Structure formats: C-alpha cells, structure tokens
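Novice:
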Amino acid sequence: MKLTPLKIIFAAEVVAVVLTATNVLPREMILLWTGLAVFYLLFSPLEDGLILIIASIPFFAALPLSENFDTLANWRILLGVLFLKFLWVRRHHLIPEKLRLGRIEILWFLFFAFSLVTIVVAKHPVATIKYVLFFGNAFLLWLLVKNLVLDQGMVSRIFRALGIAAVGSLAVGFLQYTAIFFTPLANFWAFWANWVSRAFYGNDLATLVRHSNTWFSFYPDAPPTLRMFSVFPDSHSFALFTILGLILFTFLFLGRITARQAGSAEQPLASRAESNIPTWLTWAAIAISFLAIWLAGSRGVWLSSLAPIGLGIFLAAKKSFRPFLKFLAAPLLLFLLLFPFSSFILNFSQGREAARRNLAFERALTISDLEEISNKSRLQIWSTSITSIAAHPLFGVGAGNFPVVLEQEIFEAKRGSSAHNFYLNVAAETGLIGLGLVVLIFLLLLLESWRLFRDQTRPLELRILALSFGLYFSWILAYNLFDVVLANDKVLLLFFTLSALFLTLARYGPTARYGESLSLEREEIPRSVPRFAPQPNVSRLGDPGGG
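So the sequence shown is numbered by my numbering: it starts at 125 and just counts up by one.
1. Short of 7 Å in beta carbon distance, which residues of its chain neighbour V550, apart from the five on each side in sequence? Order them along the chain.
2. Which one of A408, A552, F305 has the shortest CA to CA distance from A515?
3. Going by DSSP, what residues sit across from Y343 in a beta bridge?
4. Can you say whether K270 is buried or exposed, counting buried as having 16 or more other CB atoms within 10 angstroms of its CB?
5. If the criterion is Cβ atoms closer than 8 Å, does the pair W407 and F377 meet it?
6. Sort out for me which residues DSSP pairs F193 with in a bridge.
7. What three-state label does DSSP hand G669 in the structure shown?
8. Look at G379 and I588 and say whether their C-beta atoms are less than 8 Å apart.
9. Can you give the Cα-Cα distance for S280 and E171, rounded to whole angstroms?
10. Under 8 Å between the Cβ atoms of A630 and L576?
11. Measuring only from the beta carbon, is E531 closer than 7 Å to any heavy atom that is part of the ligand HEM?
12. Candidates L294, S413, V333: which alpha carbon is nearest S354's?
13. Report yes if the C-beta distance between S592 and I288 is below 8 Å; otherwise report no.
14. How would you label T554, buried or exposed, when you count the other beta carbons within 10 angstroms and need 16 or more for buried?
15. Less than 7 Å between C-beta atoms, sequence neighbours within five positions excluded: which residues of the same chain meet that for L332?
16. For L208, which residues from the same chain have a beta carbon less than 7 Å from its beta carbon, with the 5 sequence-adjacent residues on both sides left out?
17. Specify the secondary structure class of V333 as computed by DSSP and reduced to three states.
18. Per DSSP, what kind of secondary structure is K247 in: helix, strand or coil?
19. Along the chain, where does the alpha helix (DSSP H) that runs through P517 open and close?
20. Does the distance from the C-beta atom of L618 to that of I228 stay below 8 Å?
21. Is A479 buried or exposed, if buried means 16 or more other CB atoms sit within 10 Å of its CB?
22. Straight-line CA distance for L627 to V241?
23. When DSSP labels each residue in this structure, what does E486 get in the three-state scheme?
24. If I follow the unbroken alpha helix (DSSP H) through A90, where does it start and stop?
25. List, from N- to C-terminal side, the beta strand (DSSP E) runs of 3 residues or more that fit wholly inside the stretch 243-292.
26. Restricting to Cα atoms, I'd like to know which of W157, E152, K126 is closest to E137.
27. Quick one: Cα of R564 to Cα of W232, how far?
28. Go to F526, then tell me how far its alpha helix (DSSP H) extends in each direction, as first and last residue.
29. Alpha carbons only, please: which of E152, P249, Y596 is nearest the one belonging to S429?
30. Pull up the distance between the alpha-carbon of L127 and that of L264, whole angstroms please.
31. Whose C-alpha, out of S168, D358, N147, P344, is nearest the C-alpha of T338?
32. What is the C-beta distance between I230 and L187, in whole angstroms, given that I count them as a contact (C-beta under 8 Å)?
33. Between A246 and the rest of its own chain, which residues show a CB-CB distance below 6 Å, the 5 nearest in sequence each way excluded?
34. Helix, strand or coil, according to DSSP, for P464 in the structure here?
35. Please report the straight-line C-alpha distance between L299 and T581, rounded to a whole angstrom.
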C-alpha cells in the first residue's frame, strides 16, 4: 500500500484522537492536528480535502481554544477553509447552473433564511444566530459533495470514504462493548466521561455525562446494561448514524448480487466503487450494523424500523418490483433475527446472574408502557410543544430557543433540552413555515428516490441506490418522531453527504447501460477552471488505485 499525504494526515488524525481520548496526550494535540489539516486543505486538491473530511466525520473532536471555550468542533473550521478554497478555485463560474443548486438546495437556503428571521421573536437572539451558523456550516459539505462528486474518479473515492467513516464508528462501538466484559460499568462510565467525552465534546459535556447520560438501560430487578454509543454523546445518535451507513452497505451488497443475477458483463458502480471488497464483507457489514442498532438500545429506533419493513411489504405487493424485493428481503429478515441474538449478548454481559433473562425483550416491552418514566415525560414534552406551537404558529419561539418552550434556561439546550420529536422541535422553534420547509425537503428526497427506483431507463445500479436510500431514509423519517438527533453534528454531516451524493447521481448520473461513466461532462466545467483530475502522484484515500 502506497503512503500518500492524504493517508498520512488521516492516520495522524486517528492517532491524535485515540491518544487524546485515552489521556495519553493532552487535548492540544487536536489543535496541532487541525492546524496541519488546514495547511493540507490549502495546498492539496479540492477532491483530496473533501475525502479527508468525509472519512474523518466520526473522528472530529472539540478544540481546546481556552479554558472557558473548548467545545468548538474542528470540522467547522476545516469545512469553512475547504469551502473558501472551492469558491476561490471556481470563482469565475459561481452561478446557480454551475453550482447545481436545485429546488432542494433552494429550500434549504429558505429554511436557513427564515430561521434567521425568527430572531425578531427570539428571547435569546444569540442562540438563533448560533443555530443558523451551525446548520449553515454543516450544509457546506452538501454543496461541496454536489459540486465535486462527478469529477473524474470521485464516485468511488467518496464511497470508500463513507465506508471508512461508517466502519470507524462501528469499530469504536464494539470496542467499548468488549471493554465492559473486563471492567465494571462504574469504571467504564468514569473513564469515558472524564477522558473520551471530554476529548470529543469538551468539558461541559464531560461534566454533564458524569452525572446523567443515556449510556445504560436500567431494569427493575436486574443490573444495568450498556447501550452502545461509540464516539457519540448518546446511543440514539449512534443508532441513527449506523442507519445512514446502512444505505452504503446495502447498496454495495444489492448491487453486487443483482448484477451477478442479471449476468451483466459490465462492472457496476458498486463494484467499481469497492472492487477489492468481497460480497461477503458487505453482507457482514450489514449484519454488524443491524446488531449495533439492537445493542444501542434505542426503543425509538426499534419501533421506527416498522417504516422500512412496511415499505418493503408495500413494494412486495407490486409485481413489477418483486425481483428487487427477493434480494431486499434477506437484509430485513436478518435485522429481525438479530434481535434475540442481541438479547443473548446483553444477558452474557450481565454474567451468570442474568443468564436466564431476556433483557432486550424486556426493554422492547416497555415501548407501550405509558407509565414508564421516559415515555411519560416524553408525552408531557410533546403536549407542551404542541401548546407552544399553537401559541406561536408563525415564527415559533425563535430558532435555537427551544428551552423557552419548557421554561428552562437557554443553556439547557446543550444538555439535551428538546421536544424529543424532530418535527415538533422545528415547529416550536421556527413555526409552521419552518416545519413546512423541512417536511417538503424530506418529501422531495423520498419522492426522488421513488422516481429513480421506478425509472427503468436508468441503470440498475442507480435504481438500487435509490431503493437503499429510500428504504433507510423512511426509517430516519419515522425515527424523527421520537428524537432530534438528526441535528447531532456527526449525524448531520453524514446525512448531508449521502443526500447530496444521491441527488447528484440521480440527476446527473448515466441513463444508459451498466458501467457507463459517471464523470461530469466536460462542458460543465470550462477549461479555464482547474480540474483536479486524479494523477498518479496524487494521494487518493478511498480510490482502489491509490491502495
């Protein structure tokens, strides 16, 4: 494997984060790496910078800028630098047609603008400004992906970078789950709160999770169990991140299988993207992801899985779609079969005293228990949120001001104060207009996947991508009814990356047979604009030719 600058800078990031999170080195190592990364982004091809950011999504950490300000995630600086460089390189062609601003992008801009308008009613206007800056900062990744993905060789590189991000998150999750077999939960709790959470999110969150967190499931007559949460502040964010990763894994798996069944002589996009990865490995990635979702212990995620399962049943009723569904049935069936296996793992983690218990089943049964503390408090928050929306239907209480709804101090937002429902949260903060814009964006994404899936003039590989995206996006839309973790920074970055990738391939991808190039047509980028096409000496993390 050839070492390249991109691989070296990414490896340095992983080492710096691991050594900082385990308290071997001080947090200033993250500052040092971020400085090196800024230098790298400025003097490397745009494409290489984008690949670094996508692969780094799970590993981004907080910058210890001062004793009282150590929560700023380094991705915010890196994305800003890369986007400014993009604007400079493409400065002569910054028009909507060249930037590929479609109706969904315009709707996002309208949502950001309207969110800023709600500052006129916000009790805490600074919180509104921070809200808009946060989402706008993350949205830069969407714009970069849309404008760089069709450059030569970038499709396969982005697939590889996404795979690295998804696998990295899963690896940390199973590592922490393995650790509890060798150390008491109390010791694990103290270590993770004091060092790991502090490295990734700063002192404020570390202080919070030392006293209160969602890392464990509790039972009336059994010891608590760990809920897998990886590098995230909670298990819900990790579960949603894993669902997003399944879009990639399922696409790669189904793409290989259907291409083989069709007897295609051409190499499909899935194979071109990951030509060195065997089919069984993509199948294993799906299985491990499903198991991680069960071990995360998020009942909202479990319940919302009915959405993709129901969608699969609906498609199965359509005769013309049944050839697809015979391949899709295997992953969905595997998800259900892994539930009892996850219960066995939970029992085993408890030792002999819980050997005969079915802890996962016991937790699942509490979903319908309206007297259970978590369910009861959630219903109360929903009721209060609806009352607030009725009182402030136009502008809400101001973007980023949800604690006002619950009559809490604004700093409670950093402690997880929310509607525990993404749609109610948006409506409470930005009114029905803001909610309408977000719902319209989500519906257009879902309809785009349905349109592409039904379009028999498009290559089978793209139709499979549409099926994978639509299937798991329906899961996310359903889970939004129970939580707001789509707004977690790492989840949001992965969501923006996958959505932009899908939309770009859907709109500008091939319309012919298997194997047709997904390269951007040359007239789209005038010759006066530098094109960072892959060269033999260019570092290409995520490209089969780059090792």
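Glycine included, C-beta positions come from ideal geometry on N, C-alpha and C. Computed from a predicted model, the values in this text were never measured in an experiment.
Specialist: Walking through what the data contain:
1. G558, L559, V562
2. A552
3. A346
4. buried
5. yes
6. S190
7. Annotation note: pLDDT 34 at G669 (below 50); position unreliable, no value reported.
8. yes
9. 12 Å
10. yes
11. With respect to small molecules bound, the structure shown includes none, and the ligand HEM cannot be examined in it.
12. L294
13. no
14. buried
15. R539
16. none
17. helix
18. coil
19. Unbroken run through P517: none, as it is neither H nor E.
20. no
21. Only weak support exists for where A479 lies, its pLDDT of 47 falling under 50; the value from the coordinates is given anyway. Label assigned to A479: exposed.
22. 28 Å
23. helix
24. The structure shown does not extend to residue 90, since the chain is modelled only from 125 through 671, so no value can be given for it.
25. none
26. W157
27. The sequence given here places Leu at residue 564; Arg does not occur at that position. Using only the alpha carbons, I get a separation of about 10 Å.
28. Taken as a continuous stretch (DSSP letters only), F526 belongs to no alpha helix (DSSP H), as it is neither H nor E.
29. Y596
30. 29 Å
31. D358
32. In fact, because the Cβ distance is near 33 Å, the residues do not count as touching under 8 Å.
33. T252, G522, N525
34. helix
35. 45 Å
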